[in-house]
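Residue 18 in full-length UniProt numbering sits at position 18 of the sequence shown, with consecutive numbering throughout.
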Amino acid sequence: MPLPSQQHALAILTEKGAWGLVSTVVDRPGPGEILVRVESTALNPLDWKVQKTGYSSMLKEYPAIPGSDSESAGVVVAVGEAVTNVVTGDRVVHQGFYTNRLATFKQYTIVDADIAAKIPDNLTFDQAATVPVGLTTATIGLYHETGGANLVAPWLEGGRGKYSGRPIVIFGGQFVIESAKLSGFSPIIVTTSSRNNDLVKSLEATHTIDRNLSAEEIQSAVKKITSDPINVVYDAISLESTQTVAYDILSPGGTLVNVLAPLIPESKRTEDKKVISAYGSVHAELNRKFGQGLYSSLTGLLESGDFTPNPVEVLPGGLAGIVDGLERLENDQVSGRKLIGRPQETVPPI
Ligand SMILES: NC(=O)c1ccc[n+]([C@@H]2O[C@H](COP(=O)([O-])OP(=O)(O)OC[C@H]3O[C@@H](n4cnc5c(N)ncnc54)[C@H](OP(=O)(O)O)[C@@H]3O)[C@@H](O)[C@H]2O)c1
Numbered sequence: 001m002p003l004p005s006q007q008h009a010l011a012i013l014t015e016k017g018a019w020g021l022v023s024t025v026v027d028r029p030g031p032g033e034i035l036v037r038v039e040s041t042a043l044n045p046l047d048w049k050v051q052k053t054g055y056s057s058m059l060k061e062y063p064a065i066p067g068s069d070s071e072s073a074g075v076v077v078a079v080g081e082a083v084t085n086v087v088t089g090d091r092v093v094h095q096g097f098y099t100n101r102l103a104t105f106k107q108y109t110i111v112d113a114d115i116a117a118k119i120p121d122n123l124t125f126d127q128a129a130t131v132p133v134g135l136t137t138a139t140i141g142l143y144h145e146t147g148g149a150n151l152v153a154p155w156l157e158g159g160r161g162k163y164s165g166r167p168i169v170i171f172g173g174q175f176v177i178e179s180a181k182l183s184g185f186s187p188i189i190v191t192t193s194s195r196n197n198d199l200v201k202s203l204e205a206t207h208t209i210d211r212n213l214s215a216e217e218i219q220s221a222v223k224k225i226t227s228d229p230i231n232v233v234y235d236a237i238s239l240e241s242t243q244t245v246a247y248d249i250l251s252p253g254g255t256l257v258n259v260l261a262p263l264i265p266e267s268k269r270t271e272d273k274k275v276i277s278a279y280g281s282v283h284a285e286l287n288r289k290f291g292q293g294l295y296s297s298l299t300g301l302l303e304s305g306d307f308t309p310n311p312v313e314v315l316p317g318g319l320a321g322i323v324d325g326l327e328r329l330e331n332d333q334v335s336g337r338k339l340i341g342r343p344q345e346t347v348p349p350i
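So, in C-alpha cells, the structure goes:
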C-alpha cells in the first residue's frame with residue numbers, strides 16, 4: 001500500500017496554548033531511521049507539563065506535537081538505508097522525542113532503528129507502548145555510568161543477581177522494582193498507596209510501606225525491616241516530600257536517584273550522599289550508547305517476562321481522546337495504570 005503524504009497529529013497550537021488536531025506531513029526515513037505506523041502511544045506527565053509549565057521551552061516549533069516524552073508501539077512501514085535490525089512489517093516499540101518529526105502523538109513517526117526494539121508475540125501494541133519511558137528512566141537511574149547509580153545492568157554479563165542480599169528502598173516505579181529484583185536486591189522496600197499494594201507485591205517487592213505515613217513513620221518502618229546500610233534509594237516520585245525522606249533513609253556513601261531536579265534543602269545535604277537526577281531519554285546524547293544496549297536486549301527481556309508492561313487503559317477517540325487523558329494525569333486521577341491513545345482510531349480518517 002502506498003504511504004500517505006499527510007496524517008493527523010495532536011498538537012499544542014501556540015506556546016502554552018490550546019490543543020488541536022492538525023494535519024501534518026508523513027516524513028520519510030533517512031539513513032538509519034525507520035517510519036512507524038503508530039498503533040498505540042502512552043501518555044506521560046511531561047506531555048501535559050510541556051503545555052502548561054516552564055517545560056514548554058523544550059518544544060521549539062508550533063504547532064508543537066508532543067508525545068515527545070512518550071512512547072509508541074506500531075508497525076514498521078518504511079526503512080532507511082543501512083537499517084539492519086528491523087524490516088517492513090515488524091512490530092516495534094520505541095520512545096519519542098521533542099521534535100515534531102520524532103514525536104508520537106501522530107499516526108506515523110520516525111525513529112532511529114538502533115533505539116527501537118521488536119515487540120515479542122506475548123505483548124499487544126497497547127502493552128508494549130507502556131514500556132519505554134518508565135523502563136528507560138528506571139534503568140538509566142540505576143545502571144548508567146554517569147547519569148545513574150552506576151550499577152551493573154542485569155542484561156550485562158555478571159549483572160543478574162549481582163546485588164544479592166543488599167537492601168533497596170523505592171518510592172513508586174514499577175520498572176524500578178522489576179530492575180531491583182533482576183539485580184538481586186533484597187529486601188526490596190517500596191512505598192505505595194493501599195490501592196496499589198497488590199500490584200506492587202505482584203512485582204515482587206518484598207515489603208511495602210504506606211506512602212501516606214509521615215516521614216518519621218516511613219523511616220522507622222524501613223529500620224524495622226533492615227538494619228543494613230541502604231546504599232541505593234530510588235525516588236520515582238521526586239516531590240520535595242519524598243526526596244527529603246528518601247535522602248534521610250540513604251546511608252552515607254550511597255546514591256539517591258531522583259526523576260526530577262533535586263529539591264532537598266541545602267541545610268540537609270552532606271557530601272557523603274550522592275544525589276542523581278535520571279534523564280530517561282535514550283535520544284539524549286549522554287544516554288545513546290546505554291539506549292542501544294538496552295534496546296538490543298529489550299525484546300528478550302519482555303519475552304521472558306523479566307520486565308512486564310504496566311496495566312493499561314485505552315482512551316476512546318483516537319488522538320483527540322488524549323487531551324482528556326492528559327487532564328486526568330495533571331489532576332492525579334490516574335493510578336496504577338498507563339493511559340493509551342490509539343492514533344489510527346482518530347476520526348475522520350485522513
Ligand atoms: N526523569 C525523567 O526522565 C522522567 C521520566 C518519566 C517521568 N518523570 C517524572 O516522574 C514523575 C512520576 O511520573 P509517573 O509517570 O510515575 O506518573 P504520575 O502520574 O506522577 O504517577 C505517580 C503515581 O505514583 C503514585 N505515588 C505518588 N506518590 C507516591 C509515593 N510517595 N510513593 C509511591 N507511589 C506514589 C501515585 O499512585 P497512587 O494512586 O497509588 O497514590 C500516582 O498515581 C513525574 O513528575 C514525571 O514528570 C521523569
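Virtual Cβ for every residue (Gly too), placed ideally from N, Cα, C.
Could you pull the start and end residues of the beta strand (DSSP E) that F185 belongs to? Counting along the chain, F185 falls outside any beta strand (DSSP E), and DSSP gives it neither H nor E.
With distance defined between alpha-carbon atoms, name the residue in T130, G172, E145 and V323 nearest to A246. Nearest neighbour of A246 by Cα position, chosen from T130, G172, E145 and V323, turns out to be G172.
Rank K268, N122 and R342 by C-alpha distance to the C-alpha of T308 and give the top, closest one. N122
Taking one C-beta from the stretch 36-46 and one from the stretch 325-340 each time, how about it: are there three or more such pairs within less than 8 Å? yes
Assigned secondary structure, I110 (DSSP; H/G/I helix, E/B strand, else coil): I110: strand per DSSP, three-state reduction.
Extent of the continuous alpha helix (DSSP H) run through residue 403: In the structure as shown, the chain begins at 1 and stops at 350. Residue 403 is therefore absent and cannot be evaluated.
Using DSSP's beta-bridge definition, name the partner residues of Y234. I170 and V257
Indicate the three-state DSSP secondary structure (helix, strand or coil) for R101 in the structure shown. coil
Quick check: the stretch 143-163 against the stretch 177-194, are at least 3 beta-carbon pairs closer than 8 Å? Contact check between the stretch 177-194 and the stretch 143-163: three or more CB pairs, one atom from each, fall below 8 Å, which counts as touching.
Decide if A18 is buried, meaning its Cβ has at least 16 other Cβ atoms within 10 Å, or exposed. The residue in question, A18, is exposed, as its Cβ has fewer than 16 Cβ neighbours within 10 Å.
So, is the C-beta of G30 closer than 8 Å to a C-beta in chain E? Of the chains in the structure shown, none is chain E; there is only one protein chain.
At a threshold of 7 Å, does I322 count as lining ligand 1 (C-beta to nearest heavy atom)? no
6 Å Cβ shell around T191 - same chain, five flanking residues per side excluded: F171, I209 and R211
Taking buried to mean at least 16 other C-beta atoms within 10 Å of its own C-beta, is E71 buried or exposed? buried
Applying the criterion that 16 or more other CB atoms from any shown protein chain within 10 Å of the CB defines a buried residue, is E216 buried or exposed? exposed
Simplified DSSP state of E71, which is helix, strand or coil: If DSSP states are grouped into helix, strand and coil, E71 belongs with the strands.
In terms of alpha-carbon separation, which member of T139, T124 and A64 lies closest to S179? T139
C-alpha gap between P29 and G80, whole angstroms: 5 Å
I'd like to know if the stretch 337-348 and the stretch 80-97 are in contact, where contact means that at least 3 CB-CB pairs between them fall below 8 Å. Output reads no: the stretch 80-97 does not touch the stretch 337-348.
Under 8 Å, do E39 and G74 count as touching if we go by C-beta distance? yes
Thinking Y279 and I115 are a contact (beta carbons under 8 Å), I'd like their distance in whole angstroms, please. 14 Å between Cβ atoms; not a contact.
With DSSP collapsed to three states, give me the class of A42. strand
Check this for me: beta carbons of L142 and V275, under 8 Å apart or not? In this structure, the beta-carbon distance from L142 to V275 does not fall below 8 Å.
Return the Cβ separation of P66 and V92 in integer angstroms, given the expectation that the two are a contact with Cβ distance under 8 Å. About 20 Å separates the beta carbons of P66 and V92, which is beyond the 8 Å limit, so they are not a contact pair.
Buried or exposed: where does L35 fall if 16 or more other Cβ atoms within 10 Å of its Cβ makes it buried? buried
Endpoints, the beta strand (DSSP E) within which G341 is located: K338 to G341
Alpha carbon to alpha carbon, how far is S227 from I322? Give it in angstroms, no decimals. 46 Å
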